[in-house]
Each structure stands twice: as C-alpha cells, then as structure tokens.
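S.K.:
There are 2 protein chains.
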Amino acid sequence: MEEYSEKQLAILKVAERLFADQGFHGTSVRDIAQEADVNIAMISYYFGSKDKLLETIFRYRMEASRKFINELLENNTMEPLEKINSLIDRFINKMLGEQYFQCIMSREQLNSQASPVRDLIWELKGEMLGLMQPIVTQAQEAGIFYKDVDVEMLMTTLFGTIHQVIPAQHILKKSAPATVMNDDEFREYVKKRVSTHLKKLFKAILTHEF
Amino acid sequence: MEEYSEKQLAILKVAERLFADQGFHGTSVRDIAQEADVNIAMISYYFGSKDKLLETIFRYRMEASRKFINELLENNTMEPLEKINSLIDRFINKMLGEQYFQCIMSREQLNSQASPVRDLIWELKGEMLGLMQPIVTQAQEAGIFYKDVDVEMLMTTLFGTIHQVIPAQHILKKSAPATVMNDDEFREYVKKRVSTHLKKLFKAILTHEF
DNA sequence: AGCAAAGTTAAACAAACGTTTAATTTAAAC
DNA sequence: GTTTAAATTAAACGTTTGTTTAACTTTGCT
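Chains as they are written, first to last, in this note's numbering: chain A, 337 to 546; chain B, 337 to 546.
1) To the nearest angstrom, report how far apart A/K461 and B/Y381 are at their CA atoms.
2) Within a Cβ cutoff of 6 Å, which residues of the same chain sit near A/A356, ignoring the five residues on either side of it in sequence?
3) Going straight from the alpha carbon of B/A540 to that of A/Q358, what length do you get?
4) For B/G479, would you say it is in contact with chain A, using Cβ-to-Cβ distances shorter than 8 Å as the test?
5) Below 8 Å CB to CB, which residues in the same chain sit around B/N429 once its five sequence neighbours on both sides are set aside?
6) Which one of A/Q505, A/P513, A/G433, A/V530 has the shortest CA to CA distance from A/R397?
7) For A/K536 and chain B, any beta-carbon pair shorter than 8 Å?
8) Can the beta-carbon of B/S422 be found closer than 8 Å to that of B/M431?
9) Nearest by alpha-carbon distance to B/L409: which of B/E352, B/L390, B/Q469 is it?
10) What are the boundary residues of the alpha helix (DSSP H) that A/M369 is part of?
11) What does the alpha-carbon distance come out to for the pair B/L508 and A/I498?
12) Ordered along the chain, which non-local residues of its own chain (more than five positions away) have a Cβ less than 7 Å from that of A/L390?
13) Rounded to the nearest angstrom, what separates B/F404 and B/R395 at their Cα positions?
14) So is A/G433 in contact with chain B if we call contact Cβ pairs under 8 Å?
15) Whole angstroms is fine: what's the gap from B/Q500's alpha carbon to A/I420's?
16) Rounded to whole angstroms, what's the CA-CA distance from B/V485 to B/L494? Just pull it up for me.
17) Would you say A/G466 faces chain B, with C-beta separation under 8 Å as the test?
18) Determine the direct distance from the alpha carbon of B/T392 to that of B/T543, and round the result to whole angstroms.
This is the structure in structure tokens:
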C-alpha cells in the first residue's frame, strides 16, 4: 500500500486515459509527459519504466477492486435475488466509473504473451467469480434458484456485456430518447439501461420468474 | 472484390495472427515479414503501408461477414425461436472460427480516435442488429415473444459474451471436465458450452419459458 | 549557513520503427 | 532472343521510440 504524490497521480491519470484511448504501444512516454505536464525523465524516475507504469496502474486499480469485493462479501441480510441485483448494480457502477481502466483491461486480456499484468487480470476475474458462485449455490440448495445454471458463463456474460457497452456508448447515444441530455444524464441513462437488461436476464435464468 | 496471390495471403494471415496476439502497434512490419518469410519491402509494395494492411484485413473479413449476414436472411421457414437459436449457433461458429480477427475487432473498437476501421466495425454491428431486430419484432407482434425486451442490449450481450469467451479459453480449460481433450475436442466443448448458455438466456428472456 | 538527498531539467543515447530507394532477378510478351 | 513489366532484394532513409546521463535546482535537516 503505497502513496503517490500529486505529480505521480497526474502521470498515472494521464497514462491511464491515453493507454485506454490509444493502447499501450500506441502511446509514447512523450505523449504522457506532455499531457501530464512533466519532464519525460520523471516517468522513469518515478516508475522505473513504461511497462512498470502500466503495472502500477493495474496494482493501483486492483487494490481498489479487492476492497470492492470485500465490501460485497459483507451483505448477508438480503434475499439471494436481491444480492444478485445489488451485485449487478455495483459491478455496473464500478466498471462504468473506471471506464479508462476497463478499456485497458479489455485490451490487455487479449495479449497472448504471459505477463504480470495478464496474471493479475485472471486472478481478479477468479475472485469475482468466487463472489457470485456461493450466492448461487446457496440459493440453489435452498431451492430458490434453478439448478441448471452455468455460473461461470453467467459471469462471462456480465463482464462481456458491460465491456461491450463501454465502447458502444457512441452508438447508444443515437438510439437514446430524443430528450436533451448532458453527460451526467446520459451516463445515468446507460447505467439504468444496462442494469435493467442484466437484472431481467439474471432473474429469468436463475428463478424462472419475471 | 479483389483476389490475392499466395504471398499476399501469407502476409495477411500472419499479420492477422500477430495483430491479434500483440496488438497493431505491438507488432512490427519486420515481425510480420519474418514470420511470413517475405522481404520487408513487400508489405509496402503490396499493401501500401502498415495501416492499409490492417484495413485490408478488415475489408477481407468484413466482406465474408456480409455474405454471412445475407445467408442468414434467407431462412424463412423456421419458427422464431428456432431462428434465434440458429442465429446464435451461427454467430458462435463464425466468431470462434475467426478468433484472431475477433481479437483485432475487440481491440480496435476501443480506439477513441476515428478511423476507417472503426467505422467499419460499427457499420457491421448495425447490420447484425438489423438481422435480429425484425425476427424479434415479428414474433412479438405474433404474440410469441415477450414485448418488454431490449434487443439492442441483447445483441450487446451476445457479442460481449462471445468476445469475453475468446480470451477466457485458457481459464475454461481448467474448469473443463477431466476427460483428455485435443484442441478440436476442446473447441467443440467451448462452442457447446457457450451455445447452451446463450440459448437458455435468450429463450428465457424472449419467451418466458424454459 | 551548509550539507545531503530528492526533484527536475535539457540533451544525448542506442535501438527500433515504417518506409523508400536503387539494383537485381524473374516472368511474360512479342 | 530481345524487350518490358513485375517481383524481389539488401541497404539506407529519417523519425520516433524508451531510457539514461549529467548538470542543475529545490527541499529538508542540523
């Protein structure tokens, strides 16, 4: 658990945005330095290398994700379906709230070559699966959820849908209702739409009710 | 509709694999030339530039996708749900059959900067949506499908799930049944698993039956 | 004030990048 | 067999890449 100076945070923030928008190899350290308004040498000075800068971004975000997971583990008073719905909403909020990082994840998980970053990704995904699995299993044993469900694939659908929505937002704007929207309103509109869709999907497949 | 020589096809094939595995900017023309066993200059000679090489790959694959779409449009004798199921299976087959290209699409659709390639992607996605939309609408009007369904989001789920499965295959191998599998058997196993999952999901949400 | 460490800078580094050149070989046409 | 165009090559092109250097400034401590 390290702390970062303002300047370091500025670099991390700019780098995250540029890596998301143009890819890791599509972004030069000079681009980052210029937009963050620091000297090029500071990136190596602070983070060691461009690779380690990416790794730092990952560890930074993943630490937050771990906390996020642990918080979710504490909700014990809810009904199974309420738990699932809460989980869906929290996932949507989390992932759409850090879209730049999610873009980087989308990209990096495609790399065929093994790397520390790729390992971190699948480690985290495993933990997320471990979050939903027991809820479903428990509800299945209690006879509340239907037995014949592939939870791993359901998690894949959850991730996949949200990851697909992130770059699709340009398009969703066109099919949105004609009412004028500022950025915040549109963000809420998207969240609501994904949330409604995923909750319906999960409820239907898990409980066979509507 | 152009034709390509063997050497050109060799370059396209190698480039597609490398772009998928390491990203566009992560792959050098020297890498491509070496693996395709041609001189570096041939790439500029044939395709003009590295950018146009990527664009060529896209146009090549997209032409096939267009044909694919037109074939799907001709199935008129089936029941609505059969049509959907057939569509799901064909999508899975298509996309898992060209995984390298789908990886490139996954990456390129994240680019924030406008480009010919990005336009092509969303154009194609629109066409795919236009493929499912009328089937659903027609069945809704006939009272066979439930009214309250967000087809655009459903299509997002379809794409998202499959796009998420492609890089997740390493992991799926671990949770696969212990029976020994060669590559072809595993590929079939994955297809079957995704297919079963998606069909259940679509049937539940569209018909409210199981 | 004086000193040591940390922070910051412009400049330079070698390596890798995409692309082009000019020379040579191959193939096809007459 | 000669000619013309296409294919292929090794080498060089000028940039850009990530990283390092060495000089300089700021900061914090005694």
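Glycine included, every Cβ here is placed at the ideal spot set by N, Cα and C.
M.R.: Reading off the structure:
1) 44 Å
2) Y436, C439, I440
3) For B/A540 and A/Q358, the gap between their C-alpha atoms comes out near 39 Å.
4) no
5) Correct list, in chain order: K527.
6) A/G433
7) yes
8) no
9) B/Q469
10) In the sequence as presented, Met is not what sits at residue 369 of chain A; that position holds Ala. That run of the alpha helix (DSSP H) goes 365-372.
11) 20 Å
12) F355, F360, V453
13) 14 Å
14) no
15) 20 Å
16) 14 Å
17) no
18) 41 Å
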